[in-house]
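Everything in the sequence shown is counted per this note's numbering, starting at 318 for the first residue and increasing by one.
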Amino acid sequence: MSPTPDDELIFKLLGMIEIVGAHEQVPAPPRRQRTVLCALLLEANRVVSMEQLIDVVWEHNPPSTARAQIQICVSALRREFARGGVDAQIETRQPGYLLRVAADKIDVFLFERRVAAADLAVRQGRLEEASTILRSALALWRGPALSAAGAALQSKALRLDEKRLSALENCVETELSLGRHHALIGELQSMVTENPLRERLRGQLMLALYRSGRQPEALDVYRAGRELFIERLGLEPSDQLRKLETAILLDDDVLRLDQEESVPVVVQNVVSPHQLPATISDFIGRQDVVARAENVLSGDHMTMHVVNISGKAGIGKSALAVHVAHRVAAETYPDGQLYCDLRGTHAQPATPAEVLGRFLAALGVVGSTLPDGVDERADMYRSMLANRRVLVVLDDAGSESQVHQLLPGSPTCGVIVTSRTRLTGLAGSHLVDVDCMDSDDSRELLGRIIGRQRLESEPVAVAALLDVVGGLPLALRIIGARLAARPHWTLASMVGRLADEQHRLDELVHGDMVVRASLSLTYDGLEPDARRMMRLMSLLEADSLPVWTASALTDDRGRSFDLVERLVDAQLLDVVGSDITGLPRYRFHDLIRLFAKEHVVAHETPAAQLESVERVAGGWLAMAEQAHRHLYGGDFTLLHGQGKRWQPPAPYLDVVLQDPLGWLESEHPNLCAAVVQAADAGLDELCWDLAMTLVTLFETRSCFDDWQHTHERALEAVRQAGNKRGTAALLCSLGSLHHSQRRMEASRAALEPALDLFTELDDTQGLALVRRNLGLLEYNEGRPEVALRIFEQSLIDFTRVGDVVGQAHVVSQLAQLSIDRGENELAISQLSDALRMCREISSPRVEAQVLHRLGGAMLVQGRYEQAQQLITSVLAMVQRSGDTVGESYALHSLGLIHGRMRMYAEAGRLLRRAIRLCEENLDRVGAARIQLDLAQLVSQRGDTFHAIAIVEQAMRTFQELRLAFWESKALAVMERISADNSLSAAGTSNGGAG
């Protein structure tokens, strides 16, 4: 290694904090700025959130002005950097700041790099070089780390000081191996005096004295240490130190120079997320498997440790993984634990992109900072885990390909993967096969379930039961639960029931039939109607099932709830919470659902299965339709098909419609799954109709991925069925989606074929919708004259079919064109007409949209107070309905209005709230557009540097999404800010000259 010269350092934290500029040392900043600087430097080239900085400066009691004070500190540091010629920049990055600087310009990172290089040199036998590098690393220290940096950073300072002592011990170890014991004695005596309880230093001093022919002094050092340990700690010295004393007394050959071995260095890191589920309280046995997994995960950190726990279904892999994870987490992986159920055995397993998104969110990545692509997410994930001791638990993996991108790149991390098959394609992984429980552990588990007294009262029957279930945890728990639920049953009677299934018991012991045989015991004990309910419920591809689905499956509104609860009593179905109405939600265990589906094939005809699925899909559609009607005042701006509806019970529907948007959101996963299942079943009319109706939710909550996925899957189904109207409707909606995401070419590619199909079908309502969307596309691509003609034709079509909301939408767009032409009075008149239409049919959501545009028209006219009152009412409306997209628009407009009224502080606060909301909605374009307005506001207040940073952030978004129109707007804003700054500077200069 060729060490970086120490005189090229810019930031020195290993002692009193120093900053070195291009020509001279920069004065140390005041305490608060110093603390902020240290926090940024310790995470150099990584984003430090505003919340982290606030915690570092004020710990648990920040003032209300904390954010503003942090911004002031950052601005002051930037000025000092510029004044002193410091080669580093503090960049504004959501959700905080990033200090960009070459890592080897910070003494902390240079120290760690040199220590790592020395460690490599030792492992390769280059001891002289290792000694030189370690001495150069230690020479970077000028006193205790982070001196005068503030109490909140004390723990990090102590960790750095510990690293210094460890490096010194490693250096001494290396130099003792080189025979430098004479030269080390003085240094070691000082270090032992400063750190009297540090056994490794004391042992090294004893060895140096012994090798220098000073055996009595070496023994005195041991005795003094022993007395100190007993006095202060009440403990004897460690075995290692006692053995060293014995070896010195015996003049043992092991102390000769060629017997010396180095000791590895252990490094501590910071703590982050803790996502592990709770370990089960009655975890039994598995000591040998637990020990094997622990040994792998607790080994040295030269390479990343991966444990693949595999075994039969129901063998207890997940419970074992969580149990082991809890045992090793605190000591071996103190920087955090990440956990995800990969659903590898489900029809729709979790994708690497989804899992990485969850993990990055847990690690602090939010909003627009989350990359879109899976490769970029994987890169960020590995970077954030580099050099951190984090344990990752990946439960129920389906294949190696599902896991590869979820593996950290750092050797300091550990991974536990559970799977039904051995994932032999994971390079370097340690396979841990999980077998059945032995008889002692099985007995203990059964006793905990049914009670010790009952277990001990029938020892012969217990032995027979354990022999029958063969140590399979799932089977044992099912039988134990049945006995616990029926205290009047004897264990002998259960043995008799099991004996009747001799063939299935053989399968239980030998292979894949184990779970099926155990479940059959419970299934066969159900009444016929309950067995059929279990079979039909297993048909549904859903996250969890509301109670009405049971009624739809059987088309029986009388007994369905009782039958479902019978399945719960039998532990074949779990209650997993309640829905928006307060009624229970249900979910199958994966294995039990698979078992039930096998019986569907055996006992239900394909026609009966299709009818059941069709009724449930029709129920989802019926409720989604009602939700849309309540939000829009009727079936407006929406096309419907001819699919059969199934009406849920009226009392249930009444509760749902008290909060239609809340219901849509709570059932979001189930509604999307219903679209896909209807498509898979060939129910083309139901699937396209439901997909279209769900746009009510997708638009309001910015669920763009689900919008696209449901529509593309439904589009496959309708095209396969030759359904032209469904095809046109879905293309029209996809065109709207692409337009919302500013993918203009994709939008046109969807809308133009939709227009052709609706023209062929002579579908007036379809033509109205597609022309409205095409008009928006033409307007946003800079062709207002074309947009005007298309909007006028769309308005005629909407009027012809009586779609009042569609008319209001188009009139609102025509008003925007009038505003653009400077015809403000006409625009006000048009918007008033649109508002009247909305109020006639009671459509609060569309009314809020029209009022928002009316407020914008008043802003253009300079009627600021009226505009403020109007948009404030809009904000209240969208907040009541939970429309977060509408809320971001209203906050944006209020920010602009306050800016025009010269209420700059409030304007900035509102614009920042709008940006945060856009980021939460994953609306990157919306956030970037608001950033342009925020930048101009910040520039007006004199902070040009910050304003340009905001524009640059917006510019990166537009460039990444290839939005040339908005990129040009960002450039124009940048030029305007620069020009305004130049004029301001010139004015100040002229004023000074005068």
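Using N, Cα and C, we set each Cβ at its ideal position, and we do this for glycine too. For clarity, every value in this text was computed on a predicted model and none was experimentally measured.
Ignore the nearest five residues each way along the sequence and tell me which others in residue i's own chain have a CB closer than 6 Å to its CB.
| i | result |
| --- | --- |
| cysteine 730 | Met621, Leu702 and Val707 |
| asparagine 586 | Note that asparagine 586 scores 31 on pLDDT, short of 50, meaning its location in the model is unreliable and no value can be drawn from it. |
| leucine 522 | Leu505, Val509 and Val538 |
| glycine 715 | Gly661 and Pro666 |
| proline 513 | Leu545 |
| serine 746 | Val623 and Asn625 |
| alanine 995 | Ala934, Leu1003 and Cys1004 |
| glutamine 604 | none |
Give me the DSSP bridge partner(s) of residue i.
| i | result |
| --- | --- |
| glutamate 335 | Lys329 |
| aspartate 750 | Ser627 |
| cysteine 657 | Leu711 |
| leucine 416 | Ile407 |
| serine 895 | Pro901 |
| proline 863 | Arg902 |
| isoleucine 733 | Val624 and Val710 |
| serine 464 | Met333 |
| glutamine 342 | Val337 |
| isoleucine 423 | Phe328 |
| histidine 591 | Gln654 |
Spatial neighbours of residue i within its chain, please: C-beta separation below 8 Å, excluding the five flanking residues on both sides.
| i | result |
| --- | --- |
| arginine 644 | Val607 and Glu611 |
| phenylalanine 1021 | Phe1015, Leu1054, Ser1057, Gln1058 and Leu1239 |
| glycine 797 | Leu762, Leu763, Ile766 and Ile767 |
| histidine 782 | Inspection of the sequence shows that residue 782 is occupied by leucine rather than by histidine. Counting only Cβ-Cβ distances below 8 Å, and skipping sequence neighbours, we find Leu763, Ile796, Leu808, Met811, Val812 and Leu815. |
| serine 555 | Glu516 |
| isoleucine 1136 | Ala1144, Gly1173, Ala1174 and Val1177 |
| methionine 333 | Ala345, Arg459, Gly460, Ser464 and Ala465 |
Measure the beta-carbon distance from residue i to residue j and round it to whole angstroms, keeping in mind my assumption that it falls under 8 Å.
| i | j | result |
| --- | --- | --- |
| aspartate 599 | leucine 762 | 7 Å |
| arginine 904 | aspartate 891 | 5 Å |
| arginine 519 | glycine 542 | 5 Å |
| proline 725 | arginine 699 | 6 Å |
| glutamine 719 | leucine 793 | The Cβ separation is near 30 Å, so there is no contact. |
| leucine 1148 | valine 1167 | 6 Å |
| glycine 935 | arginine 962 | 5 Å |
| leucine 455 | alanine 484 | 6 Å |
| alanine 1085 | tyrosine 1096 | About 17 Å; that fails the 8 Å criterion. |
| proline 590 | alanine 679 | 4 Å |
| leucine 673 | glutamine 722 | 7 Å |
| serine 837 | lysine 914 | Actually they are not in contact, since the Cβ atoms of serine 837 and lysine 914 sit about 14 Å apart, beyond 8 Å. |
| glutamine 1270 | glutamine 1248 | 6 Å |
Thinking C-beta only, is residue j closer than 8 Å to residue i?
| i | j | result |
| --- | --- | --- |
| glycine 1123 | threonine 1013 | no |
| glutamate 1002 | glutamine 959 | yes |
| alanine 1245 | threonine 1274 | yes |
| glutamine 369 | alanine 356 | yes |
| aspartate 424 | leucine 330 | yes |
| alanine 1008 | alanine 1031 | yes |
| leucine 1078 | alanine 1045 | yes |
| leucine 843 | arginine 883 | yes |
| leucine 359 | lysine 473 | yes |
| glutamine 750 | glycine 628 | One detail in the question is off: residue 750 reads as aspartate in this sequence, not glutamine. Taking 8 Å as the Cβ cut-off, aspartate 750 and glycine 628 qualify as a contacting pair. |
| isoleucine 632 | leucine 789 | yes |
| glutamine 1130 | phenylalanine 1108 | yes |
| threonine 1027 | leucine 1051 | no |
| valine 893 | serine 861 | yes |
| arginine 760 | valine 779 | yes |
Can you find the residues in the same chain that come closer than 7 Å, C-beta to C-beta, to residue i, ignoring five residues on each side of it along the sequence?
| i | result |
| --- | --- |
| serine 1295 | none |
| valine 403 | Ile327, Ile336, Gly338 and Val343 |
| tyrosine 949 | Val1122, Ser1160, Arg1162 and Val1163 |
| tyrosine 969 | Trp865 and Thr898 |
| alanine 525 | Leu493, His498, Leu501, Ile502 and Leu505 |
| glutamine 350 | Cys390, Ala393 and Leu394 |
For the ligand ATP, is there any heavy atom lying closer than 7 Å to the beta carbon of residue i?
| i | result |
| --- | --- |
| aspartate 436 | Of ligands this structure carries none, so the ligand ATP is not represented either. |
Discussion item. Runs of 4 residues minimum, wholly inside the region 357-388: which ones carry the alpha helix (DSSP H) assignment?
Written reply: 367-375
Item to complete: Run through the region 1179-1237 for me and flag every whole alpha helix (DSSP H) of 4 or more residues, listed as ranges in chain order.
Response: Fully contained in the region 1179-1237 are the following alpha helix (DSSP H) runs of length 4 or more, in chain order: 1181-1198, 1201-1217 and 1221-1237.
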